[in-house]
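Novice: Handing you a structure now.
Residue numbers (my numbering): 942 to 1333.
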């Protein structure tokens, strides 16, 4: 087992707040992280029906076992327990009493905002970052990573991705999705997932996707909200502040784990990934997800966007950091072309305030600067977020 990059942030959160909460998708490593970081705290998983029943029947007696606090895993299984946690931490006034984990958000976020507002730091743990994967495989191959994904067990236990994702989806759809929405046909939702994977890295037309799935646009919107709430997908919003010309104002969709998107697309080998028509989209998904992970592991909620105008001019990624905009182009090619920087130069020509030179992230071996624009391979840097926002 490795020490996760976010461990330092979790320790700091526990030093500053009575409660530290770690949210993230199923099997992103929340249990391992919290138990490794706080080995002396008593641990209770609310996935265990006996423990959940005891906590639900008599919450005060249940929490009395943890006079000095403890780890409550999968707290979304029993959100009302947070009211009693609030009472305990308010009475003691101690920091770092409880460590909570949760896998999906809607009721849990409501319970946290009502019961633990001002009492908890909230961290997000996604699957492994590129930096963490390199602790298992110092020289990973990018298309192998696309088909394998980044879930910790895939690397720590060397599991076969196809079996892992098949079981993962079955558990997710049959347990988490059913808990969040009423589904007449699970197969329809599974069809929706597969068709959504085919739109990875694209602006999703809800009506078009609904027609393909056989569901209404409002239903598709609701289902995407469920995927976001359970950390299966995330949206990249468009940037349109202070831009006078017409721009696209709908978000793009990416998967929190690119391996899941590849599995849904029927990609089961690195060779398939390297030849797939969506290889560029999947590479973009890998890179943007890693930038998000690298920021979250530092306790930063990144401000990231894409930009596209009505003429089709586009910047793959805009990072807003300390009031400045950093334009980033993402290319799956292994050979650099000066075409890669043309969109960044075009974006500079718009004369938007405080735009930094920017960067091209690609799959080549060389790193260099061209016209002040950095050209780097994200697999070759320690931390993609830091490499982009603090290049020196």
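Each residue gets a CB set at the ideal place from its N, CA and C atoms; glycine is no exception.
Between which two residues does the beta strand (DSSP E) holding residue 1043 run?
Specialist: Along the chain shown, read from residue 1 onward, the residue named residue 1043 stands at position 102. Counting along the chain, the beta strand (DSSP E) containing residue 1043 begins and ends at 1039-1043.
Novice: Rounding to the nearest angstrom, what Cα-Cα distance links residue 1014 and residue 987 in this structure?
Specialist: Locating residue 1014 in the chain shown gives position 73, counting from the first residue. Locating residue 987 in the chain shown gives position 46, counting from the first residue. Approximately 6 Å, taken between the alpha carbons.
Novice: Please report the distance separating the alpha-carbon of residue 1194 from that of residue 1179.
Specialist: For the purposes of this step, residue 1194 is identified with residue 253 of the chain shown, where counting begins at 1. For the purposes of this step, residue 1179 is identified with residue 238 of the chain shown, where counting begins at 1. One C-alpha to the other measures close to 11 Å.
Novice: List the DSSP bridge partners of residue 1310.
Specialist: Here the question's residue 1310 lines up with position 369 in the chain shown. In the DSSP output, where bridge partners are listed per residue, residue 1310 has 1315.
Novice: Sorted by chain position, which residues of the same chain lie with C-beta nearer than 7 Å to residue 1320's C-beta, five sequence neighbours on each side aside?
Specialist: Locating residue 1320 in the chain shown gives position 379, counting from the first residue. These residues qualify, in order along the chain: 1071, 1081 and 1083.
Novice: If residue 1011 sits next to residue 982, beta carbons under 8 Å apart, how far is it from one beta carbon to the other, in whole angstroms?
Specialist: For the purposes of this step, residue 1011 is taken as residue 70 along the chain shown, with counting starting at 1. For the purposes of this step, residue 982 is taken as residue 41 along the chain shown, with counting starting at 1. Rounded, the Cβ-Cβ distance is 5 Å, consistent with contact.
Novice: So, helix, strand or coil for residue 1016, using DSSP?
Specialist: Within the chain shown, the letter at position 75 stands for residue 1016. In this structure, residue 1016 counts as helix in the three-state DSSP scheme.
Novice: If you reduce the DSSP assignment to three classes, tell me which class residue 1256 lands in.
Specialist: Taking the chain shown and counting its residues from 1, one reaches residue 1256 at position 315. Residue 1256: strand per DSSP, three-state reduction.
Novice: How far does the alpha helix (DSSP H) with residue 1214 in it extend, from its first residue to its last?
Specialist: As a first step, residue 1214 must be located in the chain shown, where it is residue number 273. Residues 1211-1216.
Novice: In three-state DSSP terms, what is residue 985?
Specialist: The residue you call residue 985 lines up with position 44 of the chain shown. If DSSP states are grouped into helix, strand and coil, residue 985 belongs with the strands.
Novice: Hey, which unbroken runs of the alpha helix (DSSP H) at 4 residues or more fall wholly within the segment 1138-1212?
Specialist: 1147-1154, 1158-1170 and 1199-1205
Novice: Assuming the contact rule is C-beta atoms closer than 8 Å, residue 1167 and residue 1133 should be a hit. Round their C-beta distance to whole Å, please.
Specialist: Within the chain shown, numbered from 1, the residue matching residue 1167 stands at position 226. Within the chain shown, numbered from 1, the residue matching residue 1133 stands at position 192. Between residue 1133 and residue 1167 the Cβ distance is about 10 Å, and since that is not below 8 Å, they are no contact.
Novice: Please state if the CB of residue 947 and the CB of residue 964 are separated by a distance shorter than 9 Å.
Specialist: Residue mapping note: residue 964 aligns to position 23 of the chain shown, counting from 1. Residue mapping note: residue 947 aligns to position 6 of the chain shown, counting from 1. For residue 964 and residue 947, no; Cβs fall outside 9 Å.
Novice: Do residue 1201 and residue 1067 count as a contact pair if the criterion is CB distance below 9 Å?
Specialist: Position 126 of the chain shown holds residue 1067. Position 260 of the chain shown holds residue 1201. Cβ atoms of residue 1067 and residue 1201: not closer than 9 Å.
Novice: Quick one: give me the first and last residue of the beta strand (DSSP E) that residue 1084 is part of.
Specialist: Stepping through the chain shown from its first residue, residue 1084 is reached at position 143. Segment 1083-1089 is the alpha helix (DSSP H) holding residue 1084; no beta strand (DSSP E) there.
Novice: Within a Cβ cutoff of 6 Å, which residues of the same chain sit near residue 1056, ignoring the five residues on either side of it in sequence?
Specialist: Working through the chain shown from its first residue, we reach residue 1056 at position 115. 1023, 1024 and 1027, listed in sequence order.
Novice: Which residues in the same chain have their Cβ closer than 6 Å to the Cβ of residue 1000, if we skip the five residues on either side of it in sequence?
Specialist: Along the chain shown, one-based indexing puts residue 1000 at 59. Only 1022 and 1025 meet the Cβ criterion.
Novice: Closest to residue 1328 by C-alpha separation, out of 1278, 1276, 1279 and 1262, would be which residue?
Specialist: Here residue 1328 corresponds to residue number 387 of the chain shown, with the count starting at 1. Taking only the C-alpha atoms, the option nearest residue 1328 is 1262.
Novice: Could you check the C-alpha separation between residue 1129 and residue 1115 for me, to the nearest Å?
Specialist: Taking the first residue of the chain shown as 1, we reach residue 1129 at position 188. Taking the first residue of the chain shown as 1, we reach residue 1115 at position 174. When rounded, the distance between both Cα atoms is 13 Å.
Novice: Under a Cβ-count criterion, where at least 16 other Cβ atoms within 10 Å of its own Cβ denotes burial, should residue 1231 be classed as buried or exposed?
Specialist: To locate residue 1231, count along the chain shown from 1; it is residue 290. Buried, since its Cβ has 16 or more Cβ neighbours within 10 Å.
Novice: To the nearest angstrom, how far is it from the Cα of residue 1257 to the Cα of residue 1285?
Specialist: Taking the first residue of the chain shown as 1, we reach residue 1257 at position 316. Taking the first residue of the chain shown as 1, we reach residue 1285 at position 344. One C-alpha to the other measures close to 10 Å.
Novice: Quick one, which of 1289, 1287 and 1278 has its alpha-carbon nearest residue 1309's?
Specialist: Here residue 1309 is taken as the residue at index 368 of the chain shown, counted from 1. Per the Cα distances, 1278.
Novice: Quick one, are the C-beta atoms of residue 998 and residue 1085 less than 9 Å apart?
Specialist: Along the chain shown, one-based indexing puts residue 998 at 57. Along the chain shown, one-based indexing puts residue 1085 at 144. Going by C-beta atoms, residue 998 is not nearer than 9 Å to residue 1085.
Novice: Suppose you measure from the CA of residue 1243 to the CA of residue 992; what does that come to, to the nearest Å?
Specialist: Indexing the chain shown from 1 puts residue 1243 at position 302. Indexing the chain shown from 1 puts residue 992 at position 51. Our two residues, residue 1243 and residue 992, have alpha carbons roughly 36 Å apart in a direct line.
Novice: Would you mind reading off the limits of the beta strand (DSSP E) that contains residue 962?
Specialist: Within the chain shown, residue 962 is the residue found at index 21, counting from 1. Element bounds for residue 962: 960-964.
Novice: Identify, in the order they occur along the chain, each residue of the same chain with its Cβ nearer than 7 Å to the Cβ of residue 1069, setting aside the five sequence neighbours on each side.
Specialist: For this step, residue 1069 is matched to residue 128 along the chain shown. Contacts found: 1091, 1093 and 1096.
Novice: Can the beta-carbon of residue 951 be found less than 9 Å from the beta-carbon of residue 1064?
Specialist: Residue 951 sits at position 10 when you count from the first residue of the chain shown. Residue 1064 sits at position 123 when you count from the first residue of the chain shown. Yes, Cβ-Cβ distance for residue 951 and residue 1064 is below 9 Å.
Novice: How about residue 1301 and residue 1272: do their beta carbons lie closer than 9 Å?
Specialist: Counting from 1 along the chain shown, the entry for residue 1301 is found at position 360. Counting from 1 along the chain shown, the entry for residue 1272 is found at position 331. Contact: yes.
Novice: Under the three-state reduction of DSSP, which class applies to residue 1000: helix, strand or coil?
Specialist: If you number the chain shown from 1, residue 1000 lands on position 59. Helix, per DSSP.
Novice: Would you tell me roughly how many angstroms separate the C-alpha atoms of residue 957 and residue 1111, rounded to the nearest one?
Specialist: On the chain shown, residue 957 is found 16 positions in, with the first residue counted as 1. On the chain shown, residue 1111 is found 170 positions in, with the first residue counted as 1. Distance between the alpha carbons of residue 957 and residue 1111 is about 38 Å.
Novice: What does the Cβ neighbour count give for residue 1059, buried or exposed, with the cut at 16 atoms within 10 Å?
Specialist: Translated into positions along the chain shown, residue 1059 becomes position 118. Classification for residue 1059: exposed.
Novice: Using the Cα positions of residue 1322 and residue 1162, report the straight-line distance between them to the nearest angstrom.
Specialist: What you label residue 1322 is simply residue 381 of the chain shown in a count that begins at 1. What you label residue 1162 is simply residue 221 of the chain shown in a count that begins at 1. The straight-line gap from Cα to Cα measures roughly 37 Å.
Novice: Since residue 1376 sits in a beta bridge, which residues does DSSP pair it with?
Specialist: Since the first and last residues shown for the chain are 942 and 1333, residue 1376 lies out of range.
Novice: Provide the residue span of the alpha helix (DSSP H) that contains residue 974, from first to last.
Specialist: Within the chain shown, numbered from 1, the residue matching residue 974 stands at position 33. That run of the alpha helix (DSSP H) goes 971-978.
Novice: Can you tell me where the alpha helix (DSSP H) holding residue 1114 begins and where it ends?
Specialist: Here the question's residue 1114 lines up with position 173 in the chain shown. Per DSSP, residue 1114 belongs to no alpha helix (DSSP H) and is neither H nor E.
Novice: I'd like to confirm something about residue 1229: is its beta-carbon nearer than 8 Å to some heavy atom of the ligand MG, or not?
Specialist: Questions concerning the ligand MG fall outside what the structure shown contains, since it holds no ligand whatsoever.
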